[in-house]
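Colleague: Chains as they are written, first to last, in UniProt numbering: chain A, 1 to 306; chain B, 1 to 428; chain C, 1 to 370.
Every residue, glycine too, gets a C-beta built ideally from N, C-alpha and C.
These numbers come from a predicted model, not from an experiment.
I have a structure I would like to understand better, so I am pasting it below and will then ask my questions one at a time.
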Amino acid sequence: MPSFLREFFKRNGTGMGSLMLGLVLFWTVGLIILPQLSMLDFSFRPNLPPPEIGGPRDVYTLENYKYLIYGPEGGSQDYNAVDLRVFFRTLVAAVCVTVFNLILCYPIAYYLAQTKGNHIRIFALMLIIPYWINEILRAFALRIIFGETGVLNNMLVGLGIFDTPFDFIRNDIALYAGLGYAYILLMIFPIYNVIESLDRNQIEAARDMGASWAKIHQRVVIPYAKPGISSGCTMVFMLSAGALAAPQILGGPSSLWFTQLIYQQFNDNSDWPQGAAYAVVLLVTCILLVLAVMRLFKVNMGDIGK
Amino acid sequence: MKRFTFMRLSLWIYLGVFFAYLLGPLVIMSATAFNSPAFPRMTPWECLTFEWFGALFRDERILNGIWNSILVGAGTVVLSVAMGLAGALMLTQIWPKLRATYYTIIIAPILIPGVVLGISTLVFWDRINRMLGLGADSWLSNGLFLTIIGQSTFIASYCMLVLVARLQRYDMALTEAALDLGATHAQAFRKVLLPFMRPAIASAAVLAFLASFENYNTTTFTFGEYPTLTIELAQKVRYGITPAISALAFIIVVLTVIAALANEASLRRKELVAAARQKATVAELESGRLQLPGFFRSNWAAAALVAVACVTVAVAGTAALYSPAQCIADVQEQKRLEAEQRIQELLRQRELRRQEQLDQQGEAVPAPAAPSGSSSGFGGAFAPGNLSGSSEAEPEAEQEPQGNSSGFGNVFDPNALSGGSEGGGAGD
Amino acid sequence: MSAGVGVDLENLWIRFGDFVAVRDANVTINGGDFFSFLGPSGCGKTTILRAVSGFLEPSGGRVLIGGNDMKGIGPNKRPTALIFQNLALFPLMKVWENITFSMEIKGASARERRKRADELLDMIALPGQGGKLPSELSGGQRQRVAIARALCAEPDVLLLDEPLSALDLKLRQHMRTELREIQQRVGITFIYITHDQGEALTMSDNIAVMRAGVIDQIGDGKAIYNDPATAFAASFVGENNVFRGKVKRVMGNEALIQTNRSGDLVARISSANQGRMKEGDAAMMFIRPEAFALAPKGATGTHFVTAKVNHEEFEGNAFNIFMEGDGGKELKVSIPNLGQSFEDHTGQNITLEYETKNAVIVPAGELAAE
Numbered sequence: 001m002p003s004f005l006r007e008f009f010k011r012n013g014t015g016m017g018s019l020m021l022g023l024v025l026f027w028t029v030g031l032i033i034l035p036q037l038s039m040l041d042f043s044f045r046p047n048l049p050p051p052e053i054g055g056p057r058d059v060y061t062l063e064n065y066k067y068l069i070y071g072p073e074g075g076s077q078d079y080n081a082v083d084l085r086v087f088f089r090t091l092v093a094a095v096c097v098t099v100f101n102l103i104l105c106y107p108i109a110y111y112l113a114q115t116k117g118n119h120i121r122i123f124a125l126m127l128i129i130p131y132w133i134n135e136i137l138r139a140f141a142l143r144i145i146f147g148e149t150g151v152l153n154n155m156l157v158g159l160g161i162f163d164t165p166f167d168f169i170r171n172d173i174a175l176y177a178g179l180g181y182a183y184i185l186l187m188i189f190p191i192y193n194v195i196e197s198l199d200r201n202q203i204e205a206a207r208d209m210g211a212s213w214a215k216i217h218q219r220v221v222i223p224y225a226k227p228g229i230s231s232g233c234t235m236v237f238m239l240s241a242g243a244l245a246a247p248q249i250l251g252g253p254s255s256l257w258f259t260q261l262i263y264q265q266f267n268d269n270s271d272w273p274q275g276a277a278y279a280v281v282l283l284v285t286c287i288l289l290v291l292a293v294m295r296l297f298k299v300n301m302g303d304i305g306k
Numbered sequence: 001m002k003r004f005t006f007m008r009l010s011l012w013i014y015l016g017v018f019f020a021y022l023l024g025p026l027v028i029m030s031a032t033a034f035n036s037p038a039f040p041r042m043t044p045w046e047c048l049t050f051e052w053f054g055a056l057f058r059d060e061r062i063l064n065g066i067w068n069s070i071l072v073g074a075g076t077v078v079l080s081v082a083m084g085l086a087g088a089l090m091l092t093q094i095w096p097k098l099r100a101t102y103y104t105i106i107i108a109p110i111l112i113p114g115v116v117l118g119i120s121t122l123v124f125w126d127r128i129n130r131m132l133g134l135g136a137d138s139w140l141s142n143g144l145f146l147t148i149i150g151q152s153t154f155i156a157s158y159c160m161l162v163l164v165a166r167l168q169r170y171d172m173a174l175t176e177a178a179l180d181l182g183a184t185h186a187q188a189f190r191k192v193l194l195p196f197m198r199p200a201i202a203s204a205a206v207l208a209f210l211a212s213f214e215n216y217n218t219t220t221f222t223f224g225e226y227p228t229l230t231i232e233l234a235q236k237v238r239y240g241i242t243p244a245i246s247a248l249a250f251i252i253v254v255l256t257v258i259a260a261l262a263n264e265a266s267l268r269r270k271e272l273v274a275a276a277r278q279k280a281t282v283a284e285l286e287s288g289r290l291q292l293p294g295f296f297r298s299n300w301a302a303a304a305l306v307a308v309a310c311v312t313v314a315v316a317g318t319a320a321l322y323s324p325a326q327c328i329a330d331v332q333e334q335k336r337l338e339a340e341q342r343i344q345e346l347l348r349q350r351e352l353r354r355q356e357q358l359d360q361q362g363e364a365v366p367a368p369a370a371p372s373g374s375s376s377g378f379g380g381a382f383a384p385g386n387l388s389g390s391s392e393a394e395p396e397a398e399q400e401p402q403g404n405s406s407g408f409g410n411v412f413d414p415n416a417l418s419g420g421s422e423g424g425g426a427g428d
Numbered sequence: 001m002s003a004g005v006g007v008d009l010e011n012l013w014i015r016f017g018d019f020v021a022v023r024d025a026n027v028t029i030n031g032g033d034f035f036s037f038l039g040p041s042g043c044g045k046t047t048i049l050r051a052v053s054g055f056l057e058p059s060g061g062r063v064l065i066g067g068n069d070m071k072g073i074g075p076n077k078r079p080t081a082l083i084f085q086n087l088a089l090f091p092l093m094k095v096w097e098n099i100t101f102s103m104e105i106k107g108a109s110a111r112e113r114r115k116r117a118d119e120l121l122d123m124i125a126l127p128g129q130g131g132k133l134p135s136e137l138s139g140g141q142r143q144r145v146a147i148a149r150a151l152c153a154e155p156d157v158l159l160l161d162e163p164l165s166a167l168d169l170k171l172r173q174h175m176r177t178e179l180r181e182i183q184q185r186v187g188i189t190f191i192y193i194t195h196d197q198g199e200a201l202t203m204s205d206n207i208a209v210m211r212a213g214v215i216d217q218i219g220d221g222k223a224i225y226n227d228p229a230t231a232f233a234a235s236f237v238g239e240n241n242v243f244r245g246k247v248k249r250v251m252g253n254e255a256l257i258q259t260n261r262s263g264d265l266v267a268r269i270s271s272a273n274q275g276r277m278k279e280g281d282a283a284m285m286f287i288r289p290e291a292f293a294l295a296p297k298g299a300t301g302t303h304f305v306t307a308k309v310n311h312e313e314f315e316g317n318a319f320n321i322f323m324e325g326d327g328g329k330e331l332k333v334s335i336p337n338l339g340q341s342f343e344d345h346t347g348q349n350i351t352l353e354y355e356t357k358n359a360v361i362v363p364a365g366e367l368a369a370e
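Laid out in structure tokens, this is it:
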């Protein structure tokens with residue numbers, strides 16, 4: 001037995017130590033690592049009926065990935081324009097949602113973190129309550145608002161801003177609002193946590209030296225809050241790129257989200273390997289994007305989730 | 001000073017907009033639960049009704065979904081809190097060289113898209129199932145098992161974060177002290193570490209249950225024959241919206257508010273008691289005559305809690321006594337009359353137009369944009385097929401009455417169909 | 001109980017990777033003794049304590065308690081109780097629950113536990129405070145609760161890891177007396193870890209002086225103070241003036257040292273080194289500030305030191321004279337204040353004398369950092 005394991009069991013006792021180690025191994029290996037590897041492996045296999053799995057036709061193939069780029073074999077187009085467009089649109093939209101959320105949430109996170117008083121607790125409560133409510137119901141609420149006969153249209157037309165009801169759904173505005181809405185808390189919380197630990201005196205000192213508010217934020221607060229900002233952005237980006245409920249409920253009939261394609265491959269086409277391949281593409285792209293941005297802003301993985 | 005007030009003002013406007021965005025949808029959704037139209041909408045207000053709550057409780061699938069959600073939630077809470085706690089403890093004592101890698105692994109599920117987790121869980125356990133040579137009905141391919149496993153993968157990471165935050169304030173010397181005083185490792189864990197972690201474990205459990213309860217992305221791949229409430233809701237929302245869903249949302253909102261206020265009130269009370277104990281003298285503590293602050297004293301959350309509870313009771317009481325039948329009948333009657341009137345109107349207009357066209361052929365007079373009247377697009381925009389609203393609209397609104405049948409809204413409203421298509425016809 | 005249970009460390013080695021925390025320690029602690037490990041932070045004294053209490057497995061050698069080898073026996077099975085540096089009182093348990101935790105483990109009833117807690121609370125002079133939480137007590141009170149909790153487990157050996165370090169000076173001095181009294185009352189072996197020589201000297205029957213994992217000297221307070229075995233022990237315990245030089249001649253238990261700055265001086269070879277020092281050896285001579293007396297100006301000989309005065313101060317009980325000393329260090333002299341007149345010598349050369357028995361010679365070695 002290696003010395004660190006012996007040390008581990010000595011510290012935690014044999015029974016407690018085994019239980020702990022067992023749970024951790026089950027989680028990390030059994031639930032995180034192996035399923036991901038299994039999905040990766042699966043994505044390189046052809047879609048076969050169960051009896052043929054493990055048979056002679058069950059060989060590794062790039063077919064599923066080719067499909068995303070070139071479309072079905074013998075198809076009329078050179079590229080799988082539909083799926084590729086959905087893929088890039090999803091990524092771009094997720095970036096937009098992230099930026100929108102950051103702009104919306106930074107001020108409130110700053111305000112909550114730097115203000116003291118009872119009303120801050122009420123605000124915090126008001127922030128959290130919507131997130132105790134089902135994701136589907138949140139999307140549903142927005143659909144009520146953004147529907148053609150919804151509250152917003154009634155209001156806008158009633159005020160004479162629009163002549164005719166505006167189709168928020170078909171124009172994806174409802175979708176973006178819904179995605180932004182869904183992840184507000186995930187943006188606020190990390191930023192709030194970091195800014196809360198910022199010494200107020202630093203801000204006062206900067207103000208004392210005559211810095212404007214914009215300057216203070218640019219030079220003092222934002223550099224300090226960078227880990228929180230990147231943590232929030234990472235989470236919002238990953239979750240909105242991987243969102244499924246909001247696009248299904250708030251998306252227009254013609255505008256698909258990439259996750260919806262994955263869902264279709266699994267549930268409608270019953271083509272699991274194809275779906276797995278799409279999922280791998282989504283996962284890998286998102287991770288690469290996040291890593292690239294983190295490298296760009298010099299933030300560590302360890303800052304995520306703080 | 002002027003600048004200061006300007007800053008103040010813009011701050012409050014910003015806060016107002018922010019919270020309107022955050023809470024507005026919930027308020028509106030809740031309100032639609034009490035309006036009688038079959039499509040959830042707030043305007044126009046027709047009749048106060050509680051029938052959607054009745055409809056909700058008669059819906060077998062919803063009730064079954066709630067039950068499944070509770071089953072899944074219970075399993076997920078137990079598994080993810082256990083794994084999260086083990087993971088957090090491991091993080092505090094893992095070999096330093098492995099620490100960063102280990103942290104990345106256990107934090108990764110938060111960032112992995114839910115659909116990916118669902119798929120990988122499904123694919124992996126399906127393979128295990130096949131490797132063990134079990135049939136399609138084995139417990140490994142059971143929807144309940146797969147959903148709990150799939151959800152716990154990432155919910156355990158959330159739990160881990162909550163628990164690690166508390167664990168960082170734990171002094172490992174406490175466990176050593178317990179061992180030193182003769183406790184076994186299990187006793188030290190149970191009597192010293194666990195009580196210390198209890199608040200965080202409670203938070204983690206609540207968080208885990210809520211996360212499980214609302215999860216859709218992962219569950220949608222794994223639920224099998226155990227559709228949870230979220231799955232059922234998604235089906236309903238995608239294929240047909242009724243205010244019964246609003247009623248469910250309203251119930252959840254109220255429960256949430258009550259739970260949040262209760263939690264806040266008890267926190268506040270604990271703070272007050274602790275403050276009082278700090279100030280108390282030994283004699284007071286000993287004799288138990290310590291004057292503790294009253295429950296409501298300087299505890300806004302407790303007061304708000306009682307207020308919400310009172311309102312809830314009042315609403316429930318009203319619901320039991322109140323019957324909207326008369327109102328609904330009135331509205332229906334009015335709608336019928338309006339519809340009739342409109343048909344008359346349309347017929348007259350059609351007649352008029354035919355005559356105009358005849359005139360146009362002769363004189364080439366530019367046609368007016370649209371006929372005005374009660375059937376104008378304005379009313380239609382507000383609520384197609386509902387003329388009680390349109391009659392209040394400004395009569396001079398001149399615009400093309402358009403075909404409202406394109407909006408999904410009125411598709412679900414049987415009353416709208418005739419009005420909408422007629423309106424569209426009139427615009428031609 | 002009066003005989004108590006002794007503790008022996010035999011050839012004890014403790015390594016963390018390549019780092020040697022304890023190097024070949026051999027200590028015999030008699031039953032019922034108040035034994036201190038004294039050394040600067042990082043010298044390995046806490047490591048020894050953790051090895052005795054069972055949190056650390058020795059890399060080599062043995063720990064014996066009451067003559068029994070403790071190998072493989074966990075901390076919860078050893079007849080020791082440890083008082084942690086930060087006390088480690090259970091924050092969520094009331095004082096009485098804290099004190100009787102060891103009874104709870106054994107399944108004692110709440111009534112028994114309360115009764116025992118009351119007895120112990122009386123002993124530590126905190127009657128009626130059992131219902132409080134540890135956070136509601138003062139530092140000194142918490143200290144006493146920690147002691148009561150450890151004693152409640154009825155250990156044969158009580159281990160204390162710098163328990164007074166968090167207290168303020170006055171309370172620390174008060175607790176010294178109290179700890180010593182408690183030890184004498186219960187009669188069990190106390191092993192005490194400290195970096196404060198005052199604590200070690202006032203309370204201990206015996207002291208082990210540690211430096212970088214090595215035990216330099218074991219002895220009672222007087223022996224350590226008056227008869228240090230190494231340069232480190234001499235410089236770490238109490239204030240001391242060092243004179244570096246070479247052994248010029250050995251004369252029985254005394255030797256003539258050729259010092260770098262102060263000529264040839266005679267001093268006693270410390271008992272641990274008698275018979276081991278020979279001519280030409282590098283040596284250090286130590287004289288305590290209070291061992292000097294003013295001598296007539298210009299007196300010369302092998303027990304006179306002449307140096308220039310840098311500055312002087314009056315400390316109340318003594319006059320302190322700081323003079324140019326060896327190796328950049330100041331030479332400090334304390335003349336007790338007995339009401340005599342005292343003129344200012346700043347800038348002058350003065351001559352001091354000492355008695356040979358008050359100056360000790362040890363082999364040259366590492367000095368304690370200031």
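Gln274 (chain A) versus chain B: which residues are under 7 Å apart at the beta carbon?
Modeller: The premise fails here: Gln274 (chain A) is roughly 11 Å from chain B at the closest Cβ pair, so nothing lies under 7 Å.
Colleague: Would you list, in chain order, the members of the segment 133-147 of chain A that have their beta-carbon closer than 9 Å to a beta-carbon of chain B?
Modeller: Listed by position along the chain: Ile133, Asn134, Glu135, Ile136, Leu137, Arg138, Ala139, Phe140, Ala141, Leu142, Arg143, Ile144, Ile145, Gly147.
Colleague: Looking at chain A, which residues of the segment 213-230 of chain B have a Cβ within less than 9 Å of any of its Cβ atoms?
Modeller: Residues Phe213, Glu214, Asn215, Tyr216, Asn217, Thr220, Phe221, Leu229, Thr230.
Colleague: Is the Cβ of Ser116 (chain A) closer than 8 Å to any Cβ of chain C?
Modeller: The identity of residue 116 (chain A) in the sequence shown is Lys, whereas the question assumes Ser. Closer than 8 Å: no.
Colleague: What residues in its chain sit with their C-beta under 8 Å from that of Ala188 (chain B), if we drop five residues either side in the sequence?
Modeller: Closer than 8 Å at the Cβ level, and outside the excluded window around Ala188 (chain B), lie Thr175, Ala178, Leu179.
Colleague: Beta carbons nearer than 9 Å to chain A: which residues of the segment 179-202 of chain B have them?
Modeller: Of all residues in the segment 179-202 of chain B, Leu179, Thr184, His185, Ala186, Ala188, Phe189 have a Cβ within less than 9 Å of some Cβ in chain A.
Colleague: Is any beta-carbon of chain B found at less than 8 Å from that of Thr98 (chain A)?
Modeller: By this cut-off, Thr98 (chain A) is not an interface position.
Colleague: For a cutoff of 8 Å on Cβ pairs, would you count Leu15 (chain B) as touching chain C?
Modeller: Not closer than 8 Å to any Cβ of chain C, the Cβ of Leu15 (chain B) fails to qualify, so no.
Colleague: By DSSP's criteria, His311 (chain C) is part of a beta bridge. Which residues make up the other side?
Modeller: DSSP lists C:Phe322 as partners of His311 (chain C).
Colleague: With a cut-off of 8 Å, does the C-beta of Thr256 (chain B) fall near any C-beta of chain A?
Modeller: Taking Cβ atoms only, chain A reaches closer than 8 Å to Thr256 (chain B), which makes this a yes.
Colleague: Return the Cβ separation of Ala141 (chain A) and Ala249 (chain B) in integer angstroms, given the expectation that the two are a contact with Cβ distance under 8 Å.
Modeller: Indeed, because the Cβ distance is near 7 Å, the residues count as touching under 8 Å.
Colleague: Count Cβ pairs between the segment 215-234 of chain B and the segment 125-145 of chain B that sit closer than 8 Å; are there 3 or more?
Modeller: Contact between the segment 215-234 of chain B and the segment 125-145 of chain B is present, because at least three Cβ pairs lie under 8 Å.
Colleague: Check whether the segment 160-169 of chain C and the segment 120-131 of chain C touch, using three or more Cβ-Cβ pairs below 8 Å as the test.
Modeller: No, the segment 160-169 of chain C does not touch the segment 120-131 of chain C.
Colleague: I want to verify the contact list: residues of chain A whose CB lies under 8 Å from the CB of Glu312 (chain C), in sequence order.
Modeller: Near Glu312 (chain C) there are no residues of chain A at all, since even the closest Cβ is about 44 Å away, more than 8 Å.
Colleague: Indicate whether Glu271 (chain B) and Ala301 (chain B) have their beta-carbon atoms separated by less than 8 Å.
Modeller: Their beta carbons are not under 8 Å apart, which means Glu271 (chain B) does not touch Ala301 (chain B) by this criterion.
Colleague: Could you tell me if Pro395 (chain B) is buried or exposed, where buried requires 16 or more neighbouring beta carbons within 10 angstroms of its beta carbon?
Modeller: Summary for Pro395 (chain B): the model assigns pLDDT 38, below 50, so the residue's position carries little reliability, and this model does not support an answer.
Colleague: How would you write the range of the beta strand (DSSP E) that Ile287 (chain C) sits in, first residue to last?
Modeller: Segment 282-287, the beta strand (DSSP E) holding Ile287 (chain C).
Colleague: If we ignore side chains and look at the alpha-carbon of each, how far apart do Ser323 (chain B) and Ile258 (chain B) end up?
Modeller: Each residue's Cα considered, the two are about 27 Å apart.
Colleague: Any C-beta of chain B sitting closer than 8 Å to the C-beta of Leu84 (chain A)?
Modeller: Chain B contact via Cβ: absent.
Colleague: Along the chain, which unbroken stretches of the beta strand (DSSP E) at least 3 residues long are found entirely within the segment 228-293 of chain C?
Modeller: Counting only runs of 3 or more, we get 241-251, 254-259, 264-269, 282-287.
Colleague: In or out: Lys45 (chain C) buried (at least 16 other Cβ within 10 Å) or exposed?
Modeller: That one is buried.
Colleague: Could you have a look at Leu291 (chain A) and say whether DSSP puts it in helix, strand or coil?
Modeller: Looking at Leu291 (chain A) - three-state DSSP - the assignment turns out to be helix.
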